[in-house]
Amino acid sequence: MKKQIWLVCGVLLLAAMACSFGGAAQAPAATESNVLFQDDFSSTSSGWERSVFDGGEVDYLDGAYHIRVDDEYASVWALTGGDYGDVRVETDAVMAGGVDDNEFGVICRYQDDNNFYAGSVSSDGFYAIIAIVDGDFTYLGNDAMMPSDAIKLGSQVNRVRLDCVGPQITLYANGTQLLSVTDSSFAQGDVGLYAGTFATPGIDIAFDNFLARRP
Numbered sequence: 093m094k095k096q097i098w099l100v101c102g103v104l105l106l107a108a109m110a111c112s113f114g115g116a117a118q119a120p121a122a123t124e125s126n127v128l129f130q131d132d133f134s135s136t137s138s139g140w141e142r143s144v145f146d147g148g149e150v151d152y153l154d155g156a157y158h159i160r161v162d163d164e165y166a167s168v169w170a171l172t173g174g175d176y177g178d179v180r181v182e183t184d185a186v187m188a189g190g191v192d193d194n195e196f197g198v199i200c201r202y203q204d205d206n207n208f209y210a211g212s213v214s215s216d217g218f219y220a221i222i223a224i225v226d227g228d229f230t231y232l233g234n235d236a237m238m239p240s241d242a243i244k245l246g247s248q249v250n251r252v253r254l255d256c257v258g259p260q261i262t263l264y265a266n267g268t269q270l271l272s273v274t275d276s277s278f279a280q281g282d283v284g285l286y287a288g289t290f291a292t293p294g295i296d297i298a299f300d301n302f303l304a305r306r307p
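Basically the working numbering = 1-based index in the sequence shown + 92.
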């Protein structure tokens with residue numbers, strides 16, 4: 093099990109929707125009526141932030157969107173600029189550089205940098221649902237990240253999904269449910285991408301096939 097000390101950098105994204113999914117890992121089919129936002133990052137003009145800042149970097153590279161975290165025990169995220177109620181948000185994610193002792197995933201119901209949910213997995217096979225409430229970091233359902241054989245290790249692609257439906261928050265990896273918890277701190281908000289470090293800084297996580305849709 094592992095615990096995290098939480099230092100953060102948030103990046104707000106006012107993004108336009110891309111129209112198709114690409115790459116080797118294909119996102120699940122979604123009908124036009126239930127899609128809220130999607131991007132395969134094939135175009136660097138789709139609206140996501142591109143910047144280098146103290147503690148990391150966010151940018152497009154080779155048909156993916158990268159979050160780099162340079163500090164220890166720190167998290168960086170990127171947001172779509174939307175506002176959603178019940179939502180299913182998912183992405184392909186892979187460690188492009190750094191160590192397996194990391195975490196990465198998706199965000200839902202983001203209110204501000206001090207209030208949101210995140211669902212994450214790690215390249216060494218752990219998972220967690222995180223609530224940030226008034227700046228306080230809490231693991232929901234467990235007191236630390238927990239292991240699962242459903243998570244692909246090392247530099248393998250994981251599809252991470254977080255369902256935020258009413259007070260029920262449910263995390264999946266590669267189609268397998270990892271954890272479901274009840275929490276009513278937030279009813280709606282933005283969605284986005286999330287990556288973090290533990291004791292060893294310098295991770296680079298590549299994201300592709302981002303999808304937010306109605307459950």
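Here a beta-carbon is modelled for each residue, glycine too, at the ideal position from N, C-alpha and C.
Which residues does DSSP pair with residue i in a beta bridge?
i      : result
Ala156 : Leu153
Ser143 : Val150
Tyr202 : Asp282
Arg180 : Asp255 and Arg305
Ala242 : Per DSSP, none; premise fails for Ala242.
Asp66  : The structure shown does not extend to residue 66, since the chain is modelled only from 93 through 307, so no value can be given for it.
If the criterion is Cβ atoms closer than 9 Å, does the pair residue i and residue j meet it?
i      : j      : result
Ile159 : Leu285 : yes
Val252 : Gly281 : no
Ser167 : Gly294 : no
Ser137 : Gly155 : no
Asp184 : Val249 : yes
Phe299 : Phe229 : no
Gly190 : Asp275 : no
Ile243 : Leu270 : yes
Asn207 : Ser277 : yes
Ala265 : Tyr219 : yes
Val179 : Arg306 : yes
Leu171 : Ile221 : no
Quick one: using the 10 Å Cβ neighbour count with 16 as the cut-off for buried, is residue i buried or exposed?
i      : result
Ala291 : exposed
Phe113 : Because Phe113 sits at a pLDDT of 24, beneath the cut-off of 50, its placement in the model cannot be relied upon, and the following sentence gives the value as read from the coordinates. When all chains shown are included, Phe113 counts as buried.
Leu245 : exposed
Ser215 : buried
Ala116 : With a pLDDT of only 32 at Ala116, under the threshold of 50, the placement of this residue in the model should not be trusted; the figure read from the coordinates follows. Ala116 is exposed by the Cβ-count criterion.
Phe145 : exposed
Ala279 : exposed
Asp204 : exposed
Gly148 : buried
Glu164 : exposed
Gly174 : buried
Starting from residue i, trace the beta strand (DSSP E) in both directions and tell me its first and last residue.
i      : result
Ser58  : An answer regarding residue 58 cannot be provided, because it is not within the stretch 93 to 307 covered by the chain.
Val127 : Val127 to Asp131
Tyr165 : Looking at the DSSP string, Tyr165 is not in any beta strand (DSSP E), and its letter there is neither H nor E.
Asp228 : Asp228 to Leu232
Val273 : Thr268 to Thr274
Ala220 : Phe218 to Val225
Contact the stretch 130–145 vs the stretch 251–269: 3+ CB pairs below 8 Å: No, they do not touch.
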